[in-house]
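J.: Numbering (the numbering used here), first residue to last: 30 to 231. Glycine residues also receive a C-beta, built at the ideal position from the N, C-alpha and C atoms. Handing you a structure now.
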């Protein structure tokens, strides 16, 4: 019994250490960029020695991959939650844009890393993250296409409309890190823009 408890405690301690390193890497990558950040920077921010980082993570790139994966999985889940929230295509698109923008405003540090450091990943990791990103985009585009079929949207270019909407939403992490506007003002405004882009019927 004591051995089981000791193993559990050690596992919890290791998980907490990995989380500290992830948080430290996220802040460092956001502040300096992936290439300018050293493992020493990350370890120091986490209150550890540089050697300690390699006990828990294979490399600096692995940390970037884990951060990118977590961010993209979160966005994909936001899209799926929006689809599940209503059968109305207008409400689905409104909800997904509000949620997407809210995430980029609320956790802009992580959002900036996820969106702008993809090229620093190894090819296998890049492929995995790109697939997650593609899934999220395709699921938003599916909302738009379904809205066109039902007559809720009038755009003749659903793929282009989707790209325009998401490119605007993604860049909120760069333009609104410390905004004069309240978050809800921005999310509502971008949701309205999205509906205009797809030609939602009043």
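Suppose the cutoff is 8 Å on Cβ atoms and the five residues either side in sequence are ignored; what does the same chain contact list for residue 155 look like?
T.: Taking the chain shown and counting its residues from 1, the one referred to as residue 155 is at position 126. 147, 148.
J.: Would you decide whether residue 153 is buried or exposed? Buried here means 16 or more other CB atoms lie within 10 Å of its CB.
T.: Mapped onto the chain shown, residue 153 falls at position 124. The residue is exposed, with fewer than 16 neighbouring Cβ atoms inside 10 Å.
J.: Could you tell me if residue 189 is buried or exposed, where buried requires 16 or more neighbouring beta carbons within 10 angstroms of its beta carbon?
T.: Here residue 189 corresponds to residue number 160 of the chain shown, with the count starting at 1. Classification of residue 189: exposed, given that the 10 Å Cβ count is below 16.
J.: In three-state terms, what does DSSP make of residue 205?
T.: Here residue 205 refers to the residue found at position 176 of the chain shown. DSSP places residue 205 in coil when its eight states are reduced to three.
J.: Whose C-beta lies closer than 6 Å to the C-beta of residue 63 among residues of the same chain, with five residues either side of it excluded?
T.: Along the chain shown, one-based indexing puts residue 63 at 34. Closer than 6 Å at Cβ, skipping near neighbours: 93, 146, 149.
J.: On the DSSP letters alone, give me the boundaries of the alpha helix (DSSP H) that residue 162 sits inside.
T.: The count along the chain shown starts at 1 and reaches residue 162 at position 133. It spans 152-179 - the alpha helix (DSSP H) in which residue 162 sits, taken as one unbroken run.
J.: If you run the structure through DSSP and keep just helix, strand and coil, what is residue 213?
T.: The residue given as residue 213 occupies position 184 in the chain shown. Residue 213 falls in the helix class under three-state DSSP.
J.: Who does residue 182 pair with in a DSSP beta bridge?
T.: On the chain shown, residue 182 is found 153 positions in, with the first residue counted as 1. In DSSP, residue 182 forms a bridge with 229.
J.: Can you give the Cα-Cα distance for residue 215 and residue 140, rounded to whole angstroms?
T.: Residue mapping note: residue 215 aligns to position 186 of the chain shown, counting from 1. Residue mapping note: residue 140 aligns to position 111 of the chain shown, counting from 1. Those two C-alpha atoms are separated by around 16 Å.
J.: Please classify residue 89 as buried or exposed, where buried requires at least 16 other C-beta atoms within 10 Å of its C-beta.
T.: Counting from 1 along the chain shown, the entry for residue 89 is found at position 60. With 16 or more Cβ atoms within 10 Å of its Cβ, residue 89 is classed as buried.
J.: Rounded to whole angstroms, how far is the Cβ of residue 56 from the Cβ of residue 80, which I believe are closer than 8 Å?
T.: By 1-based counting over the chain shown, the position of residue 56 is 27. By 1-based counting over the chain shown, the position of residue 80 is 51. Wrong, their Cβ atoms sit about 21 Å apart, outside the cutoff.
J.: In its own chain, which residues sit with a C-beta less than 8 Å from the C-beta of residue 105, not counting the 5 before and 5 after it?
T.: Residue numbering aside, residue 105 sits at position 76 when the chain shown is read from its first letter. Excluding residues within five positions, the ones whose Cβ falls inside 8 Å are 161, 164, 165, 168.
J.: So residue 223 and residue 122 are supposed to be a Cβ contact under 8 Å. How far apart are they, rounded?
T.: Along the chain shown, one-based indexing puts residue 223 at 194. Along the chain shown, one-based indexing puts residue 122 at 93. Going by Cβ atoms, the distance from residue 223 to residue 122 rounds to 6 Å, so yes, they are a contact pair.
J.: DSSP on residue 146, reduced to helix/strand/coil?
T.: Translated into the one-based positions of the chain shown, residue 146 becomes position 117. Here residue 146 sits in coil by DSSP.
J.: Looking at residue 184: is its Cβ nearer than 9 Å to the Cβ of residue 173?
T.: For the purposes of this step, residue 184 is taken as the residue at position 155 of the chain shown. For the purposes of this step, residue 173 is taken as the residue at position 144 of the chain shown. It is a contact, given that the beta carbons lie within the stated cut-off.
J.: Who are the Cβ neighbours of residue 217 in its own chain at under 8 Å, not counting the five residues just before and after it?
T.: Here residue 217 is taken as the residue at index 188 of the chain shown, counted from 1. If we look at residue 217 and ignore the five residues flanking it on each side, its Cβ neighbours are 127.
J.: Tell me the rounded alpha-carbon separation between residue 176 and residue 219.
T.: As a working note, residue 176 is residue 147 in the chain shown. As a working note, residue 219 is residue 190 in the chain shown. Going by the C-alpha atoms only, they are around 18 Å apart.
J.: When you compare only the Cα positions, how much space is there between residue 69 and residue 133?
T.: For the purposes of this step, residue 69 is identified with residue 40 of the chain shown, where counting begins at 1. For the purposes of this step, residue 133 is identified with residue 104 of the chain shown, where counting begins at 1. One C-alpha to the other measures close to 28 Å.
J.: Going by C-alpha to C-alpha distance, which of 228, 65, 83 sits closest to residue 50?
T.: Within the chain shown, the letter at position 21 stands for residue 50. The option with the nearest alpha carbon to residue 50 is 83.
J.: Give me, in chain order, the residues of the same chain whose beta-carbon lies closer than 8 Å to that of residue 97; leave out the 5 immediate sequence neighbours on both sides.
T.: Position 68 of the chain shown, counting from 1, holds the residue named residue 97. The answer, listed in chain order, is 142, 143, 146, 147, 150, 154, 158.
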